[in-house]
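These protein sequence lines map, in sequence, to chains A, B, C and D. For the first sequence, numbering that gives the first Met the number 0 assigns the number 0 to the initial residue and increments by one for each residue that follows. For the second sequence, numbering that gives the first Met the number 0 assigns the number 0 to the initial residue and increments by one for each residue that follows. For the third sequence, numbering that gives the first Met the number 0 assigns the number 0 to the initial residue and increments by one for each residue that follows. For the fourth sequence, numbering that gives the first Met the number 0 assigns the number 0 to the initial residue and increments by one for each residue that follows.
There are 4 protein chains.
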Amino acid sequence: MAREINLNSDMGEGFGAYDIGNDTALLDIVNSANVACGFHAGDPKVMHRLVTGAKRRGVSIGAHPGFDDVQGFGRRQIHMKADEVEYMVAYQIGALQAMAQYAGMKVTHVKAHGALSNMACRDRDYAAAIGRAIKTVDNSLVFVVVHGSELQRVCGELGLTMAREGFADRQYDDDGQLASRAIAGAVLHDPRAAAKQALMMAKDREVISRTGKRLKIEVETICVHGDEPTAVPVAKAVRAALEGAKFKLKPLDRMQLGRANA
Amino acid sequence: MAREINLNSDMGEGFGAYDIGNDTALLDIVNSANVACGFHAGDPKVMHRLVTGAKRRGVSIGAHPGFDDVQGFGRRQIHMKADEVEYMVAYQIGALQAMAQYAGMKVTHVKAHGALSNMACRDRDYAAAIGRAIKTVDNSLVFVVVHGSELQRVCGELGLTMAREGFADRQYDDDGQLASRAIAGAVLHDPRAAAKQALMMAKDREVISRTGKRLKIEVETICVHGDEPTAVPVAKAVRAALEGAKFKLKPLDRMQLGRANA
Amino acid sequence: MAREINLNSDMGEGFGAYDIGNDTALLDIVNSANVACGFHAGDPKVMHRLVTGAKRRGVSIGAHPGFDDVQGFGRRQIHMKADEVEYMVAYQIGALQAMAQYAGMKVTHVKAHGALSNMACRDRDYAAAIGRAIKTVDNSLVFVVVHGSELQRVCGELGLTMAREGFADRQYDDDGQLASRAIAGAVLHDPRAAAKQALMMAKDREVISRTGKRLKIEVETICVHGDEPTAVPVAKAVRAALEGAKFKLKPLDRMQLGRANA
Amino acid sequence: MAREINLNSDMGEGFGAYDIGNDTALLDIVNSANVACGFHAGDPKVMHRLVTGAKRRGVSIGAHPGFDDVQGFGRRQIHMKADEVEYMVAYQIGALQAMAQYAGMKVTHVKAHGALSNMACRDRDYAAAIGRAIKTVDNSLVFVVVHGSELQRVCGELGLTMAREGFADRQYDDDGQLASRAIAGAVLHDPRAAAKQALMMAKDREVISRTGKRLKIEVETICVHGDEPTAVPVAKAVRAALEGAKFKLKPLDRMQLGRANA
Numbered sequence: 000m001a002r003e004i005n006l007n008s009d010m011g012e013g014f015g016a017y018d019i020g021n022d023t024a025l026l027d028i029v030n031s032a033n034v035a036c037g038f039h040a041g042d043p044k045v046m047h048r049l050v051t052g053a054k055r056r057g058v059s060i061g062a063h064p065g066f067d068d069v070q071g072f073g074r075r076q077i078h079m080k081a082d083e084v085e086y087m088v089a090y091q092i093g094a095l096q097a098m099a100q101y102a103g104m105k106v107t108h109v110k111a112h113g114a115l116s117n118m119a120c121r122d123r124d125y126a127a128a129i130g131r132a133i134k135t136v137d138n139s140l141v142f143v144v145v146h147g148s149e150l151q152r153v154c155g156e157l158g159l160t161m162a163r164e165g166f167a168d169r170q171y172d173d174d175g176q177l178a179s180r181a182i183a184g185a186v187l188h189d190p191r192a193a194a195k196q197a198l199m200m201a202k203d204r205e206v207i208s209r210t211g212k213r214l215k216i217e218v219e220t221i222c223v224h225g226d227e228p229t230a231v232p233v234a235k236a237v238r239a240a241l242e243g244a245k246f247k248l249k250p251l252d253r254m255q256l257g258r259a260n261a
Numbered sequence: 000m001a002r003e004i005n006l007n008s009d010m011g012e013g014f015g016a017y018d019i020g021n022d023t024a025l026l027d028i029v030n031s032a033n034v035a036c037g038f039h040a041g042d043p044k045v046m047h048r049l050v051t052g053a054k055r056r057g058v059s060i061g062a063h064p065g066f067d068d069v070q071g072f073g074r075r076q077i078h079m080k081a082d083e084v085e086y087m088v089a090y091q092i093g094a095l096q097a098m099a100q101y102a103g104m105k106v107t108h109v110k111a112h113g114a115l116s117n118m119a120c121r122d123r124d125y126a127a128a129i130g131r132a133i134k135t136v137d138n139s140l141v142f143v144v145v146h147g148s149e150l151q152r153v154c155g156e157l158g159l160t161m162a163r164e165g166f167a168d169r170q171y172d173d174d175g176q177l178a179s180r181a182i183a184g185a186v187l188h189d190p191r192a193a194a195k196q197a198l199m200m201a202k203d204r205e206v207i208s209r210t211g212k213r214l215k216i217e218v219e220t221i222c223v224h225g226d227e228p229t230a231v232p233v234a235k236a237v238r239a240a241l242e243g244a245k246f247k248l249k250p251l252d253r254m255q256l257g258r259a260n261a
Numbered sequence: 000m001a002r003e004i005n006l007n008s009d010m011g012e013g014f015g016a017y018d019i020g021n022d023t024a025l026l027d028i029v030n031s032a033n034v035a036c037g038f039h040a041g042d043p044k045v046m047h048r049l050v051t052g053a054k055r056r057g058v059s060i061g062a063h064p065g066f067d068d069v070q071g072f073g074r075r076q077i078h079m080k081a082d083e084v085e086y087m088v089a090y091q092i093g094a095l096q097a098m099a100q101y102a103g104m105k106v107t108h109v110k111a112h113g114a115l116s117n118m119a120c121r122d123r124d125y126a127a128a129i130g131r132a133i134k135t136v137d138n139s140l141v142f143v144v145v146h147g148s149e150l151q152r153v154c155g156e157l158g159l160t161m162a163r164e165g166f167a168d169r170q171y172d173d174d175g176q177l178a179s180r181a182i183a184g185a186v187l188h189d190p191r192a193a194a195k196q197a198l199m200m201a202k203d204r205e206v207i208s209r210t211g212k213r214l215k216i217e218v219e220t221i222c223v224h225g226d227e228p229t230a231v232p233v234a235k236a237v238r239a240a241l242e243g244a245k246f247k248l249k250p251l252d253r254m255q256l257g258r259a260n261a
Numbered sequence: 000m001a002r003e004i005n006l007n008s009d010m011g012e013g014f015g016a017y018d019i020g021n022d023t024a025l026l027d028i029v030n031s032a033n034v035a036c037g038f039h040a041g042d043p044k045v046m047h048r049l050v051t052g053a054k055r056r057g058v059s060i061g062a063h064p065g066f067d068d069v070q071g072f073g074r075r076q077i078h079m080k081a082d083e084v085e086y087m088v089a090y091q092i093g094a095l096q097a098m099a100q101y102a103g104m105k106v107t108h109v110k111a112h113g114a115l116s117n118m119a120c121r122d123r124d125y126a127a128a129i130g131r132a133i134k135t136v137d138n139s140l141v142f143v144v145v146h147g148s149e150l151q152r153v154c155g156e157l158g159l160t161m162a163r164e165g166f167a168d169r170q171y172d173d174d175g176q177l178a179s180r181a182i183a184g185a186v187l188h189d190p191r192a193a194a195k196q197a198l199m200m201a202k203d204r205e206v207i208s209r210t211g212k213r214l215k216i217e218v219e220t221i222c223v224h225g226d227e228p229t230a231v232p233v234a235k236a237v238r239a240a241l242e243g244a245k246f247k248l249k250p251l252d253r254m255q256l257g258r259a260n261a
């Protein structure tokens, strides 16, 4: 039986008169959209446009909560108390749930954005705060987590449905973490290189690190970034490679995902 | 059979380190809380505190959406496009719905705040935008409307459940509108005067205007404002007067309210 | 002796990760930049980049204060009290004065942005608030005003230095006001048409209205908008036409401008 | 000859309809006000009220820049790039300089607020960013620094005028740092205890740590916090103790302060 895999992308990151990214093109390529919820990017009108577009293309939608920092695009670490993080995430999920009603859709996954995600990958309190917000608002939501992070551990402890994520267009360090964007070459702009890495993750459950080391990785979903100039050709190449290898590409809400266990 | 009536108050209007109002005292007096949703006041933590407090006291909760203007406390008119107003309102309702999950509660009504309400009372496009947001997000929500306003008309056209609102502690002009806060005496600070006005509205379906004119008014809910220094004694007196006249005070979600018709 | 004229453009309208407009190209064409001050657009880093760029090209800088509304790009009317408007404008001028120190420059003019300008053109209280802010912070600042507006009247009453502004790329109504952007053709995208209109304003002190009527207009500065896709060719054509007619193009701070009188 | 000393307090921390602190009472007690600049607290109207009040009481004013985070009251660490910190500080100084014009005053000192100050005390890049902002905007500004911090070192390197600060109402750890607010007793609410500590710092150049250790400290200015309920009696007692010991209390701009050297 063909294995199934998911392609996701961060979307809806415009704000008022400002636009960024390639939502229209990417909605034809990916299966699931991580929708900015108005804190680090996005606004109610942008959210409305994104969910109605996703509905038309059969793309599932998830909340992509971030810090309350449009100027920093959610990429600045902010030290909040854990309960503040939790309620901030719950609030954003709820806001998108309401906007999803305009397309008759349900929000079916949650993936933390930017600095919030980076902090939560290492900080157990932040990770648990995000997990509790998901569990409280809708415990059937799929929690998209970075492989091997505190997010994954918390997901297991709370018994949430889990989708582990790999990155098609980012280099990995030897410890399995993403190489910093500050390192030359850390972002893969060559569609063939990204497609090759995605296929290896999906098929062989491996990725080659920046130094050439072979690492084990288990992923149910692969992220292609939307804000690079090369986003669209990269996403197309990744999709073509996965389809060429007979993977079935599916929205997260139609995949066979288990409840995580710790 | 005893007639039923509701007492509501605007609450949860703190913001971060700032506080305002008398939430703790008022939750013991009123039946329904209009919860600020983070745009003109309130933040996720304040919302969490309010909904868990409301749950303990059996107070029903409603969304109190306002303009995105904490500095102006939602009291400045902002000219947005109607679709922007609509999505802004939907977003805020959804945010509160998520926070209500922390108390295992449902959001059961919506009442527009401040300048948004004032504009929508007169502007059909704004009123319809608010009505469509309610209808889309949850068409079982009770729409709290000012008697005789565009909000009431829209509520009827959309077939939403309606609760008409009177004000215990504000004077009325001869045309049935609230007298401007700028007029001396427009806010009633005397608990007996407010209680008398509330009782007359509830019992006799009348209110005496500023100039002494007797006006017809139909209300299912009476608002007591929370941010005046006299809020608590006023609210207590209003409640005592209604109970003394054998009214049954009920949360909005347990009243017999009809679908409005135009 | 050759007449002198100024070309100005609104700039520095990016915000964090977001960009908009064509600052780099326009700084080589215009003489004076109206710099967004962080309320409707712009942030301290964007302001820094703009003032240092302006310094290198000999472009004078002015504050371009707007409403505190990045999401609405300062294009939504907000009803504030006049003293709130005044202090909001003063604050923004001061912020830019500090940033100008990074280029060893002085802020030499002020021009209100978007909805704030539109409201102040018709509302005497708003216009006076802006004028008082300028007078208080630095009464040598040139006040760029729309011909025939309340801004012009206030500028005269306060005895501020005045530069009247015409628009190269916008149609005029018969009453001398700008035609609404909502009307087809209201924005001139054809470089030749814009150049012709600018030259007629500068040379003949006239402009032809949308309906073909010949109107009197007196301008010391001509605005070319920066956020249209056609902004750069339009600005180049306008500049070429004015230079071809032997006008001396000058920054506002080096022009012979009189103190206005009422 | 009598030694001179300064009392400072953080002020102007209201925001729109919200108020906090005891500005009116404190302006009669302290010599210098650190004015919130609209990022972590304060708004243009609050700033206007504060500077005009300070003028009437002969209190000197300084900028009190903080992170752009009203909800967190500037008490949340935010990880920005050093240049972003620098321009953010410069912007806020400029904004206050403009508002000071309403009172015909000059801004004469700068003191960083909350989490920005805490980070800069330990982080050389943040400290240098604040120092460069001061040097660029007005190199005659007095830089109020925490004794022994990176702020003090940077102040020396940049040759800025320095005022070292001690805290009357906060306990110290053995290493000379402030004890965390989370520790019981870390904030002194007893006016006599605060007065005693202030006098010991001013007169004996010593402070007794939480564990009873005697520490050397050199201060030209003593802070009394404005947002504690005990702020006013504490401030009065501190002032009385210093005056009783024949100290001359002076605004920062009229003290004999040296250029720091590294």
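No residue lacks a Cβ here, since even glycine has one placed at the ideal position from N, Cα and C. No experiment lies behind these values; they were computed from the predicted model shown.
Length of the line joining the Cα atoms of residue i and residue j
i	j	result
C/Gly73	C/Ile19	14 Å
A/Ala261	D/Arg258	Residue placement at A/Ala261 is poorly supported in this model, since its pLDDT is 44, which falls under 50; the coordinates still yield a value, given next. Using only the alpha carbons, I get a separation of about 60 Å.
B/Gly15	D/Asp68	10 Å
D/Ile60	D/Pro250	9 Å
B/Cys222	B/Arg204	15 Å
B/Gln151	B/Val233	27 Å
C/Tyr86	D/His47	7 Å
B/Leu214	B/Ala53	34 Å
Three-way DSSP call (helix, strand, coil) for residue i in this model
i	result
B/Val34	strand
B/Lys235	helix
D/Val88	helix
C/Ser56	Correcting the residue identity first, residue 56 of chain C is Arg in this sequence and not Ser. Here C/Arg56 sits in helix by DSSP.
D/Glu3	strand
B/Ala62	strand
B/His47	helix
D/Ala261	Because D/Ala261 carries a pLDDT of 44, less than 50, the predicted location of this residue cannot be relied on, and the following value inherits that uncertainty. It is coil, neither helix nor strand.
B/Val218	coil
B/Ser8	strand
Chain-ordered chain A contacts of residue i [CB-CB under 8 Å]
i	result
D/Met79	Gly71, Arg75
Within chain B, the residues that residue i reaches when beta carbons sit closer than 7 Å
i	result
A/His47	Tyr86
Alpha helix (DSSP H) segment containing residue i, residue limits
i	result
D/Glu227	That residue, D/Glu227, is in no alpha helix (DSSP H); it is neither H nor E in DSSP.
D/Arg152	149-157
A/Met161	Here A/Met161 belongs to no alpha helix (DSSP H); instead the beta strand (DSSP E) covers 160-166.
Amino acids of chain D, ordered along the chain, whose beta-carbon sits closer than 7 Å to that of residue i
i	result
B/Asp42	Gln70
Under 8 Å from the C-beta of residue i: neighbouring residues of chain B
i	result
A/Ile92	Ala97
Endpoints, beta strand (DSSP E) assigned at residue i
i	result
C/Arg213	213-215
D/Val206	205-207
D/Val186	D/Val186 -> no beta strand (DSSP E), and no H or E assigned at all.
Closer than 9 Å at the beta carbon, the chain B residues around residue i
i	result
A/Glu83	Asp42, Pro43, Lys44
Within chain C, the residues that residue i reaches when beta carbons sit closer than 7 Å
i	result
D/Tyr101	Thr135
Where residue i meets chain D, residues with beta-carbon distance less than 9 Å
i	result
A/Asp286	The structure shown does not extend to residue 286 of chain A, since chain A spans only 0 to 261, so no value can be given for it.
Contacts that residue i makes with chain C (C-beta to C-beta distance below 9 Å)
i	result
A/Ala35	The contacting residues do not exist; A/Ala35 stays about 12 Å from chain C at best.
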